[in-house]
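Residue numbers (this note's numbering): 160 to 459.
In what follows, a structure is listed as structure tokens, so that the remarks can point back to it.
Encoded structure:
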């Protein structure tokens, strides 16, 4: 995973290894680094901001002749990236669910994203993840628009021996979500996972409907689901969903096939929200917690 992005970060360190950290040598190395980031599916705005930050920290830096310039560059890159990931923070969803359940209230998680990103499958994977940690889960079929969506979630739930709260197609998704909340409370369920219809980030009316669902169910956590293979588009989706609805963390699906890796870095850097899970396959166990320290360590 993320091989292209790793190459981009190693390339700038190599480029300045025998050059002075100023003047044309630095400018060219920084420009090449920016292109490498963009080729790795890092959003252009993020690539520009990151390279500007690194260039500013390197300009005029004096390094002892015996020092390895690549190490100096690596330290500055590490500093810029660590700051972004530390600002985004980390999330332990299982611990959060347990904490709220002590008060007898269900922990509510709302899923957001456009069509085709694997949102419904991610609901099932997270349900399995929480269930294996001893937590009770119920799902709400809030996608009342896409044909087959309710049946798809129900099939997953049946395989996992979970209850699905649903209504008919065309019903108000906010009402379905509210029914899910009432069911979870009445049956003392630890966590409610609410699936929703895919929303194109450019459709204002649909984005407003998503905001309505969020206002009605008042989720404790909102998860944005993105397809890692869509690169820059995943970032633009994340930015607009964060602007119109807001989200607290992201799941990147199809990460096992992502050799570029730019989506994870871009979403964290541009939205300030953490990536919490990576989808790495089709099985229910193929949802792994995202480890930012390992991610940064592999890049740097």
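All C-beta atoms in this analysis are idealised placements derived from N, C-alpha and C, irrespective of residue type, glycine included.
The alpha helix (DSSP H) enclosing residue i, as first and last residue numbers
{"i": "residue 399", "result": "391-403"}
{"i": "residue 430", "result": "421-430"}
CB-CB length for residue i against residue j, believed under 8 Å
{"i": "residue 397", "j": "residue 409", "result": "7 Å"}
{"i": "residue 279", "j": "residue 308", "result": "7 Å"}
{"i": "residue 329", "j": "residue 303", "result": "6 Å"}
{"i": "residue 383", "j": "residue 271", "result": "5 Å"}
{"i": "residue 429", "j": "residue 403", "result": "Wrong, their Cβ atoms sit about 15 Å apart, outside the cutoff."}
{"i": "residue 211", "j": "residue 431", "result": "About 18 Å; that fails the 8 Å criterion."}
{"i": "residue 266", "j": "residue 349", "result": "7 Å"}
{"i": "residue 438", "j": "residue 281", "result": "6 Å"}
{"i": "residue 196", "j": "residue 421", "result": "7 Å"}
{"i": "residue 425", "j": "residue 205", "result": "5 Å"}
Boundaries of the beta strand (DSSP E) in which residue i is found, first to last residue
{"i": "residue 271", "result": "266-271"}
{"i": "residue 276", "result": "Neither: residue 276 is in no beta strand (DSSP E) and is coded neither H nor E."}
{"i": "residue 351", "result": "350-355"}
Coarse secondary structure for residue i, derived from DSSP in three states
{"i": "residue 297", "result": "strand"}
{"i": "residue 378", "result": "coil"}
{"i": "residue 444", "result": "coil"}
{"i": "residue 190", "result": "helix"}
{"i": "residue 322", "result": "strand"}
{"i": "residue 331", "result": "coil"}
{"i": "residue 453", "result": "helix"}
{"i": "residue 250", "result": "coil"}
{"i": "residue 336", "result": "helix"}
{"i": "residue 383", "result": "strand"}
{"i": "residue 438", "result": "strand"}
{"i": "residue 412", "result": "strand"}
{"i": "residue 317", "result": "helix"}
{"i": "residue 309", "result": "helix"}
{"i": "residue 255", "result": "helix"}
{"i": "residue 201", "result": "coil"}
{"i": "residue 303", "result": "coil"}
{"i": "residue 292", "result": "coil"}
{"i": "residue 244", "result": "helix"}
{"i": "residue 215", "result": "helix"}
{"i": "residue 463", "result": "The structure shown does not extend to residue 463, since the chain is modelled only from 160 through 459, so no value can be given for it."}
{"i": "residue 144", "result": "Since the displayed the chain opens at 160 and closes at 459, residue 144 lies outside it and no answer follows."}
Buried/exposed call for residue i, threshold 16 Cβ in 10 Å
{"i": "residue 155", "result": "Because the chain spans 160 through 459 in this model, residue 155 falls outside it and cannot be assessed."}
{"i": "residue 346", "result": "exposed"}
{"i": "residue 193", "result": "buried"}
{"i": "residue 341", "result": "exposed"}
{"i": "residue 262", "result": "exposed"}
{"i": "residue 401", "result": "buried"}
{"i": "residue 436", "result": "buried"}
{"i": "residue 242", "result": "exposed"}
{"i": "residue 453", "result": "exposed"}
{"i": "residue 190", "result": "exposed"}
{"i": "residue 310", "result": "exposed"}
{"i": "residue 368", "result": "buried"}
{"i": "residue 363", "result": "exposed"}
{"i": "residue 238", "result": "exposed"}
Selection from the options that minimises the alpha carbon distance to residue i
{"i": "residue 199", "options": "449, 423 and 427", "result": "423"}
{"i": "residue 333", "options": "269, 281 and 347", "result": "269"}
{"i": "residue 380", "options": "213, 285 and 276", "result": "285"}
{"i": "residue 357", "options": "193, 439 and 301", "result": "301"}
{"i": "residue 376", "options": "390, 351 and 384", "result": "351"}
{"i": "residue 318", "options": "389, 303, 201 and 298", "result": "298"}
{"i": "residue 283", "options": "240, 412 and 246", "result": "412"}
{"i": "residue 433", "options": "260, 341, 251 and 444", "result": "251"}
{"i": "residue 290", "options": "322, 263 and 272", "result": "322"}
{"i": "residue 202", "options": "191, 395, 249 and 259", "result": "395"}
{"i": "residue 186", "options": "214, 383 and 262", "result": "214"}
{"i": "residue 316", "options": "288, 436 and 337", "result": "288"}
{"i": "residue 372", "options": "363, 449 and 355", "result": "355"}
{"i": "residue 306", "options": "327, 296 and 320", "result": "327"}
{"i": "residue 450", "options": "238, 197 and 245", "result": "245"}
{"i": "residue 456", "options": "405, 207, 236 and 264", "result": "236"}
{"i": "residue 440", "options": "416, 421 and 427", "result": "416"}
{"i": "residue 378", "options": "207, 364, 343 and 204", "result": "343"}
{"i": "residue 385", "options": "208, 274, 249 and 209", "result": "274"}
{"i": "residue 253", "options": "264, 216 and 292", "result": "292"}
{"i": "residue 339", "options": "414, 296 and 445", "result": "296"}
{"i": "residue 366", "options": "390, 337 and 399", "result": "399"}
{"i": "residue 391", "options": "407, 446 and 427", "result": "427"}
{"i": "residue 448", "options": "249, 389, 324 and 264", "result": "249"}
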